[in-house]
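Residue numbers (the numbering used here): 20 to 582.
C-beta atoms are modelled at their ideal positions from N, C-alpha and C, and glycine is treated no differently.
Since the structure comes first, as structure tokens, the remarks are kept for the end.
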């Protein structure tokens, strides 16, 4: 079939976007090609909120036939955390048929070169952006995020991360020239002269193992980093969050076909209940790259057992905030309250441990005792979530029963400073919505250590009393070194404390936010500027996104001949 999208068209349309992305990852300034306000949609042919909801509703009870080879049945069964059965069916693949079909298209994709691959990837992302409101509904009803967060994190912010990965992939591939003329003088003899050609070649098939909470935000970096570097990509979604990634695969296959490439360069691997195909896929010889977000246990298993693949993991950690002093007590409390509440704490970046000196802290409102700080933070969370409508808009729904069980068990770990309460959702009566719990613990008591040194994913935070700022820094260092951290925060007006915290984060490779009191929160990162994770502590072996995240997805092969 003749290509409907020519290389010239793709480059004309998307090269300016790539150039802006390249400039932004160099300057680390703010930039986004994707609007993050719902009112911006519905223009230029993109779906507005109502049309996106209608498109999502139309998917219910349908079979999403992707035209993949090796389809041997159909699977489904997703139920929204808001209580809705999605009723969408997806192809189940015979891997012995699908994987060879995916490899077949790699030669033409490799030969297309880094620039054209980048343009095709950006076209895929543009098509996804045109359906942002539909994707927002799909993310909302698989992750349990409230609509605004599903729209932003699952839409423009996820798309930004995809563009960012494409930009880094292009930088690393274009670092080496395509050709070189090499001449070595030989004195009186004729010089030695060679013509050399350098080609980035893919490792093989990349496997993206999707997560339940952020299927697109966490899925797009690996997907587009592998695809842009010449690899075919097999997407294995979380069984409870298939739809957003299945729609992504559908768009990618359409664009690849229109651009004259094999659509099987991107495929979906949905699984039957209890099938557990991630382990099977991860150790197949065809799989040469793995991107995974999820539990530490399975991430560790992948790193130990998927020996034939380059494995990129974002696992889990114990995120810590040191509260030593502040010159904006009210702003600090408001910032922390929002950070603890957003998406019911179901983010790998949400603070868990708040280390507060037992003798209290200095503030612009006078000295505050440990008990006062804890009580004031509890009141700040209560005030933020006191109105049920606002609470629903911030909290979303509890994504699975394990999170609910951890939340309920946390109250038995210590003195409860803030009890969790149920919040009714009139629009979705079956949604499980809970406010955060804050539990007091003592950092000097061995019996409390097991709680605050283990990850408790969900709306659970511990106000840990420490002997001093030095004790807090010591606990922070040990926690990051042994358990890892995606984020670290600190509130201090003391330059020495600030320096000590910064040194720990530099030593242990943890991303640090200092004295956030406004509209930027420790659990949020901006594409093109912020690094998500560092790859340098046990929470993750990779960062989103840097050169290391893309450079080992391809190798450069040299062909040389006499000039």
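Residue i - DSSP class collapsed to helix/strand/coil
| i | result |
| --- | --- |
| residue 20 | Note on residue 20: pLDDT 44, under 50, position unreliable in the model; the coordinate value appears next. Note: residue 20 maps to coil in three-state DSSP. |
| residue 176 | helix |
| residue 50 | coil |
| residue 339 | strand |
| residue 257 | coil |
| residue 273 | helix |
| residue 384 | coil |
| residue 318 | helix |
| residue 307 | strand |
Own chain, CB closer than 8 Å to residue i, minus 5 neighbours either side, in chain order
| i | result |
| --- | --- |
| residue 60 | 54, 66, 67, 68, 71, 151 and 152 |
| residue 567 | 554 and 561 |
| residue 325 | 301, 302, 306 and 309 |
| residue 175 | 51, 53, 54, 55, 148 and 151 |
| residue 146 | 270, 273 and 274 |
Inter-residue spacing [alpha-carbon to alpha-carbon] between residue i and residue j
| i | j | result |
| --- | --- | --- |
| residue 285 | residue 577 | 27 Å |
| residue 360 | residue 414 | 6 Å |
| residue 584 | residue 355 | Outside the shown range of the chain, which is 20 to 582, sits residue 584, and nothing can be said about it. |
| residue 583 | residue 485 | Because the chain spans 20 through 582 in this model, residue 583 falls outside it and cannot be assessed. |
| residue 20 | residue 42 | Its pLDDT being 44, under 50, residue 20 is placed unreliably in this model, and the coordinates cannot settle the point. |
| residue 446 | residue 156 | 14 Å |
| residue 357 | residue 243 | 31 Å |
| residue 231 | residue 198 | 44 Å |
| residue 389 | residue 102 | 40 Å |
| residue 37 | residue 58 | 25 Å |
| residue 513 | residue 347 | 14 Å |
| residue 246 | residue 374 | 42 Å |
| residue 321 | residue 504 | 19 Å |
| residue 190 | residue 444 | 47 Å |
| residue 407 | residue 442 | 6 Å |
| residue 293 | residue 317 | 15 Å |
| residue 169 | residue 542 | 15 Å |
| residue 268 | residue 370 | 33 Å |
| residue 573 | residue 494 | 40 Å |
| residue 124 | residue 164 | 36 Å |
Beta-carbon proximity list for residue i, same chain, < 7 Å, skipping 5 on both sides
| i | result |
| --- | --- |
| residue 527 | 496, 499, 500 and 556 |
Cβ shell of residue i (< 6 Å), same chain only, five flanking positions each side left out
| i | result |
| --- | --- |
| residue 171 | 55 |
| residue 314 | none |
| residue 108 | 82, 93 and 95 |
| residue 99 | 160 |
| residue 433 | 458, 459 and 460 |
| residue 113 | 89 and 91 |
| residue 256 | 229 and 264 |
Exposed unless 16 or more other CB atoms sit within 10 angstroms - verdict on residue i
| i | result |
| --- | --- |
| residue 266 | buried |
| residue 277 | buried |
| residue 669 | As displayed, the chain neither begins before 20 nor continues past 582, which places residue 669 out of reach and without an answer. |
| residue 63 | exposed |
| residue 603 | This structure cannot speak to residue 603, because the chain is shown only from 20 to 582. |
| residue 385 | exposed |
| residue 27 | exposed |
| residue 333 | buried |
| residue 569 | buried |
Would you be able to state if there are at least three C-beta pairs under 8 Å between the region 397–414 and the region 458–466? no
With a cut-off of 8 Å, do at least 3 Cβ pairs link the region 211–223 to the region 128–146? yes
Check whether the region 530–547 and the region 178–192 touch, using three or more Cβ-Cβ pairs below 8 Å as the test. yes
Whether or not the region 137–148 and the region 109–127 are in contact is what I'm after, with contact meaning three or more pairs of Cβ atoms, one per stretch, closer than 8 Å; do they touch? no
Under 8 Å: do the region 421–438 and the region 383–398 share three or more Cβ pairs, one atom per stretch? yes
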